[in-house]
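*Asks:* In order, the protein sequences belong to chains A and B. Mapping of the first sequence onto the working numbering: position 61 corresponds to residue 214, and the numbering continues sequentially without gaps. Mapping of the second sequence onto the working numbering: position 40 corresponds to residue 83, and the numbering continues sequentially without gaps. By construction, the Cβ of each residue, glycine as well, lies at the ideal position given by its N, Cα and C atoms. All values derive from a computational prediction rather than experimental measurement. Can you keep this structure in mind? I'll have questions shortly.
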Amino acid sequence: EPEVTQTPSHQVTQMGQEVILRCVPISNHLYFYWYRQILGQKVEFLVSFYNNEISEKSEIFDDQFSVERPDGSNFTLKIRSTKLEDSAMYFCASKGTGNTGELFFGEGSRLTVL
Amino acid sequence: SQQGEEDPQALSIQEGENATMNCSYKTSINNLQWYRQNSGRGLVHLILIRSNEREKHSGRLRVTLDTSKKSSSLLITASRAADTASYFCATAAGSWAGNNRKLIWGLGTSLAVNP
């Protein structure tokens with residue numbers, strides 16, 4: 154069964170460092186998303202991406218964040234200068250073109266900022 | 044801003060019993076979805092109910108939606124130990140088709156099914 158894959162599963166970084174989280178969405182999907190989940194808190198929307206551009210972003214997704222689909226298969230989230238409060242589980246999701254509304258999530262990348 | 048709020052926050056039942064989780068939200072929606080998350084794992088879509096639907100079934104799952112009360116319930120019948128997980132409702136507003144609407148999530152209900 155097709156699945157969304159994310160790497161790395163866990164990354165530990167120092168505050169101020171750049172981090173790139175990678176995702177390979179399901180191959181025929183066209184809509185891509187990043188969500189995050191701080192431990193014990195709600196899942197929060199970060200950004201949606203369609204047709205090679207950002208469709209919508211939340212207030213969390215400030216200038217320190219960027220997304221890219223560099224090669225038609227990968228979908229990356231970059232945090233330029235990490236802060237302690239960026240520590241969270243980051244989930245990538247993709248959606249097909251049908252009107253089902255169902256998102257397919259990866260297993261997540263746990264980011265720990267020290 | 045719209046929110047999904049589930050209750051109870053935690054539920055512990057015996058295998059074979061039914062589990063009911065509720066979700067309330069604040070603004071009008073296009074659809075409401077339920078997801079499951081095993082500890083430390085990704086989110087798995089369970090079922091979607093549209094704003095013009097009142098009830099939907101999928102296997103042992105039954106979802107209801109009351110748009111007048113802005114609430115939904117998820118019923119898991121004949122629960123199994125493998126159903127132990129966190130369950131989240133998520134709401135989508137606006138037109139979905141061709142429109143990349145975000146999902147707004149609740150805090151989730153942590154379900155423990157004891158063998």
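Which value, in whole angstroms, describes the spacing of the CA atoms of E209 (chain A) and S67 (chain B)?
*Replies:* 24 Å
*Asks:* Can you name, in chain order, every residue of its own chain whose Cβ lies under 7 Å from the Cβ of R123 (chain B), other than the five neighbours on each side?
*Replies:* If the five residues before and after R123 (chain B) are omitted, its C-beta is found closer than 7 Å to the C-beta atoms of E58 and V156, all from its own chain and listed in chain order.
*Asks:* Take W139 (chain B) and list the residues in its own chain whose beta-carbon comes closer than 6 Å to its own, dropping the five residues that flank it on each side.
*Replies:* Confidence in W139 (chain B) is poor, its pLDDT being 48 and thus under 50, which makes the residue's placement unreliable; the coordinate value appears in the next sentence. So the qualifying residues of the chain are N73.
*Asks:* Between V196 (chain A) and chain E, is the shortest Cβ-Cβ distance under 7 Å, so that the two count as touching?
*Replies:* This model lacks chain E altogether; the protein chains it does include are A and B.
*Asks:* Return the Cβ separation of L91 (chain B) and A128 (chain B) in integer angstroms, given the expectation that the two are a contact with Cβ distance under 8 Å.
*Replies:* About 18 Å; that fails the 8 Å criterion.
*Asks:* Just list the residues that DSSP pairs Y203 (chain A) with in beta bridges.
*Replies:* Residue pairing of Y203 (chain A) in beta bridges, as defined by DSSP: A:Y184 and A:E206.
*Asks:* Rounded to whole angstroms, how far is the Cβ of L256 (chain A) from the Cβ of A241 (chain A), which I believe are closer than 8 Å?
*Replies:* The beta-carbon distance between L256 (chain A) and A241 (chain A), rounded to whole angstroms, is 18 Å. This is too long to meet the 8 Å contact definition.
*Asks:* Nearest chain B C-beta to E209 (chain A) closer than 7 Å, yes or no?
*Replies:* yes
*Asks:* Should V215 (chain B) go down as buried or exposed, given a rule of 16 or more other Cβ atoms within 10 Å for buried?
*Replies:* Since the first residue of chain B shown is 44 and the last is 158, residue 215 (chain B) is not available in this structure.
*Asks:* Hey, does K145 (chain B) have any beta-carbon neighbour from chain A nearer than 7 Å?
*Replies:* yes
*Asks:* Short of 7 Å Cβ to Cβ, which residues in the segment 57 to 82 of chain B face chain A?
*Replies:* N74 and Q76
*Asks:* Pop quiz: G261 (chain A) and F244 (chain A) are said to be a contact at Cβ under 8 Å. What is the actual Cβ separation, rounded to whole angstroms?
*Replies:* Correct: roughly 5 Å between the Cβ atoms.
*Asks:* Between which residues of its own chain and T160 (chain A) is the CB-CB distance below 6 Å, once the five residues before and five after are set aside?
*Replies:* The beta carbon of T160 (chain A) sits closer than 6 Å to the beta carbons of R175 from its chain, once the five residues preceding and following it are set aside; these are given in chain order.
*Asks:* Reducing DSSP to helix, strand and coil, say where A246 (chain A) ends up.
*Replies:* strand
*Asks:* Cβ closer than 8 Å: which chain A residues qualify as neighbours of L150 (chain B)?
*Replies:* Q194 and K195
*Asks:* Mind checking if L117 (chain B) is an interface residue toward chain A, Cβ cutoff 7 Å exclusive?
*Replies:* no
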